[in-house]
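Below is one structure, written out as structure tokens; the observations come after it.
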Amino acid sequence: MTLRELGDRMGVSRPTIYAYASGALKMSRRRLLQAAELTGKSIDYFLPRGVGDLDPKSVVSQNFRLIDALLAPPDAQNAVEVAKETLEATKDNETPGVRAEVLLKLGVSLTGTGDYVTAIRHLESAYNSFLADEDKPRQASCLQTLGFCYLGLGQTDRAKDCFEGAKSVQTPELAWRPEVALAGLAERIGDFTEAEERLSGLLDDPFVKGASLTYVRANFASVVCARGRWKSGLAQTETALASAYATKTTDQVAELLIQSALALTHLGRLDEATMMIVRAKDVTFSLQDEARATFSEAVAAGVLLAFGDERAAREAISAAMSRAIGGQYRRSESFCLQLMTELALKRQDFEGALDTSVQLRSHASAHHFVVAEAFGYLYECQARSGLGQANKSREALVEARSISARVGPGRLQALVLGREALQHMTAGELEPAASKAAASLAQAQDNGLLLDLIGLSEEFEQFDWKSTQIQGHLGYNEGEDRERAMAGVQHGADFKKFLVITSPGESSSQGEAL
């Protein structure tokens with residue numbers, strides 16, 4: 002009977018059975034009896050032995066399997082501990098090649114915990130060893146992970162060098178990996194056309210299939226959503242999610258569930274968004290994926306804000322932000338700053354909105370979140386307008402418009418056009434106001450942004466837009482869209498309670514602590 006078969010029959014996960022086998026996790030008395038009964042061996046057979054009782058090479062080999070098991074599905078922190086112990090065991094009795102392999106696995110594990118600085122040190126040491134041995138596949142692995150570390154630290158130029166280096170030495174069957182990484186980098190810094198072109202090429206490659214194709218589809222969906230094309234993005238996300246389930250690509254299942262919840266929120270389908278983010282929270286908790294778990298909490302706060310529950314949203318945003326700062330999860334920090342600004346604007350707290358909008362664009366600029374930076378400028382424009390700072394409001398809008406031109410048609414551009422329309426209305430310039438308002442509403446409608454359609458039309462109404470030339474430019478059924486959007490909020494209200502229940506770890510039925 003294999004370890005995996007034994008784990009299945011005992012009802013424990015693959016990482017757990019490997020941890021039992023290696024001695025990294027102590028078996029309870031009940032588990033010892035269960036294993037003995039299933040295998041026909043005595044309990045003594047399963048009692049742990051010290052490392053000194055085993056051949057060192059056997060320990061290293063066994064621990065390699067354990068580290069891999071702990072990383073799929075991810076349990077990065079435990080993988081780090083095992084890798085550190087294995088590294089210590091290789092000091093005097095292993096070849097440099099084996100030690101380099103341990104350093105690589107330790108670097109990968111540390112990357113999973115977000116400790117990029119320490120990971121870089123170990124990965125560079127491993128890379129130098131593989132370079133000396135002319136081991137190109139492992140050079141590629143080191144460079145690929147180094148790229149993600151530098152990207153996590155906001156050093157995009159060094160990240161690009163690493164991904165390009167990985168591409169130059171990667172084997173043909175794995176050439177998709179650095180290509181996907183370069184596409185992700187292009188999306189991050191706002192080169193959306195390049196990102197889509199790289200991914201489209203991989204989608205058309207007949208040799209990219211299975212889990213590899215899942216990653217390509219997931220990244221393509223991410224690019225579409227990042228551009229604010231949420232209706233199309235949801236369709237792409239659903240395709241990628243089906244692929245992730247089929248290939249058991251658990252990290253992408255978690256990522257795509259969160260992305261689906263975001264898309265559904267923007268589309269005004271709040272009941273579905275609620276159920277999707279609850280599923281995402283459960284999956285990220287089960288995977289012990291702290292970074293995505295934090296992001297799922299932030300997105301849940303965004304759903305509460307869409308419901309109009311400002312008190313619950315404020316508490317949820319605060320909790321997610323604290324968790325994000327503690328873990329240095331930059332994406333979640335940026336998203337929480339965006340939600341904090343939106344909440345302040347809803348409450349017409351323009352001073353507070355100005356403060357958080359400036360924080361948002363500064364944070365986004367430092368970490369190369371181009372779309373978030375544009376929203377920072379857009380919200381700053383709105384806040385300064387509310388404070389009567391017309392000139393500075395226009396200056397902020399110029400910056401937002403510049404970035405939105407790079408992003409292209411989508412939610413950002415719809416809101417920028419709407420803000421431009423309002424500035425023209427304030428100045429009494431009805432013809433350009435009408436043109437910008439019509440373009441704004443058309444973009445929102447094309448992308449299914451029902452909540453934004455309501456928000457934009459309500460802002461235009463304050464200028465008695467129905468009695469101006471704007472009416473002749475409108476190309477959507479305002480009454481029908483408003484009814485659909487409000488129905489989404491009202492119907493979703495029955496589901497909102499699921500967003501404020503305790504997390505899975507705090508429930509009354511926690512199961513056995515392994």
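Each residue of the sequence shown is one higher than the last, beginning at 2 in the working numbering.
All residues carry an ideal CB built from backbone N, CA and C; glycine is no exception.
Remember, predicted model here, so these are calculated numbers, not experimental data.
Notebook entry, point to check: Going along the chain, which residues of its own chain have a beta-carbon closer than 8 Å to the beta-carbon of S319, five neighbours each way excluded?
Noted result: Around S319: no qualifying Cβ.
Margin query: Excluding the 5 residues flanking L457 on each side, which residues of the same chain have their C-beta closer than 7 Å to its C-beta?
Written below: G419, S441, L442, A445
Check: In chain order, what residues of the same chain lie with their CB nearer than 8 Å to the CB of E38, ignoring the 5 residues before and after it?
Finding: Within the same chain, E38 has no close Cβ partners at all.
Note to self: Let's test the definition: count the other Cβ atoms within 10 Å of the Cβ of A434 and tell me whether it reaches 16, buried, or not, exposed.
What the structure shows: Answer is buried; the Cβ neighbour count reaches 16.
Check: Between V225 and L34, what straight-line distance do the alpha-carbon atoms span, to the nearest angstrom?
Finding: Distance between the alpha carbons of V225 and L34: 53 Å.
Checklist line | Endpoints, the alpha helix (DSSP H) within which A184 is located | finding: From DSSP, the alpha helix (DSSP H) with A184 extends over 177 to 190.
Item checked: Check whether K282 and A294 have beta carbons under 8 Å apart -> A294 sits close to K282, with the two beta carbons spaced by under 8 Å.
Next item on the list: Identify, in the order they occur along the chain, each residue of the same chain with its Cβ nearer than 7 Å to the Cβ of T172, setting aside the five sequence neighbours on each side.
Entry: P138
Notebook entry, point to check: From this set, A264, E135, L183, G202, which residue's C-alpha is nearest D453's C-alpha?
Noted result: A264
Note to self: If you reduce the DSSP assignment to three classes, tell me which class P173 lands in.
What the structure shows: helix
Check: Would the beta-carbon of A196 fall within 8 Å of that of A184?
Finding: Going by C-beta atoms, A196 is nearer than 8 Å to A184.
Margin query: Here's a check: name, in chain order, each residue in its chain whose Cβ is nearer than 8 Å to the Cβ of R230, leaving out the five neighbours to either side.
Written below: For R230, where only same-chain residues beyond five positions count, the Cβ hits under 8 Å are P410, G411, R412, N448.
Item checked: Nonlocal neighbours in the same chain, by C-beta distance under 8 Å from G53, ignoring five residues either side -> Its pLDDT being 38, under 50, G53 is placed unreliably by the model, and nothing is read from it.
Checklist line | Proximity below 8 Å, CB of A354 to CB of L346 | finding: yes
Notebook entry, point to check: Near S366, which residues of its chain fall below 6 Å by C-beta distance, leaving aside the five closest residues on each side in sequence?
Noted result: E374
Next item on the list: Note down, in chain order, each residue of its chain lying with its Cβ closer than 8 Å to the Cβ of L500, except the 5 sequence neighbours on either side.
Entry: Taken in chain order, the residues that qualify are T275, I278, V279, A301, V304, L305, A313, A317.
Check: Going by beta carbon distance, what residues of the same chain come within less than 8 Å of L398, once the five residues before and after it are set aside?
Finding: Answer for L398: Y378, L379, C382, V417, R420, E421, Q424, listed in chain order.
Notebook entry, point to check: How big is the Cα-Cα spacing for V170 and M322?
Noted result: 40 Å
Next item on the list: Determine the closest residue to V254 out of F461, A222, R10, T266, with distance taken between C-alpha atoms.
Entry: Checked all of F461, A222, R10, T266; the closest Cα to V254 is A222.
Note to self: Could you tell me the alpha carbon to alpha carbon distance between T114 and Q140, rounded to whole angstroms?
What the structure shows: 22 Å
Checklist line | Length of the line joining the Cα atoms of N220 and A428 | finding: Near 43 Å, if we compare the C-alpha coordinates of A428 and N220.
Next item on the list: Mind reading off the beta-carbon distance from L268 to L235? Whole number of angstroms is fine, and I expect it under 8 Å.
Entry: 7 Å
Check: When the Cα of G153 is compared with those of S394, I121, G202, which residue comes out closest?
Finding: Checking every option, the nearest Cα to that of G153 belongs to I121.
Next item on the list: Below 8 Å CB to CB, which residues in the same chain sit around L257 once its five sequence neighbours on both sides are set aside?
Entry: A219, A222, T238, A241, L242, A245
Item checked: Contacts around I326, its chain only, beta-carbon distance under 7 Å, and the 5 residues preceding and following it disregarded -> E334
Notebook entry, point to check: Under three-state DSSP, which class holds I68?
Noted result: Note that I68 scores a pLDDT of 49, beneath 50, so its modelled location is shaky; the value from the coordinates is reported in the next line. Helix at I68.
Next item on the list: Whole angstroms is fine: what's the gap from L175's alpha carbon to G387's?
Entry: 53 Å
Next item on the list: Pick helix, strand or coil for Q253, following the three-state DSSP scheme.
Entry: helix
Notebook entry, point to check: Quick one, which of V372, E460, M426 has its alpha-carbon nearest A516's?
Noted result: What is shown of the chain runs 2 to 515, which leaves residue 516 out entirely.
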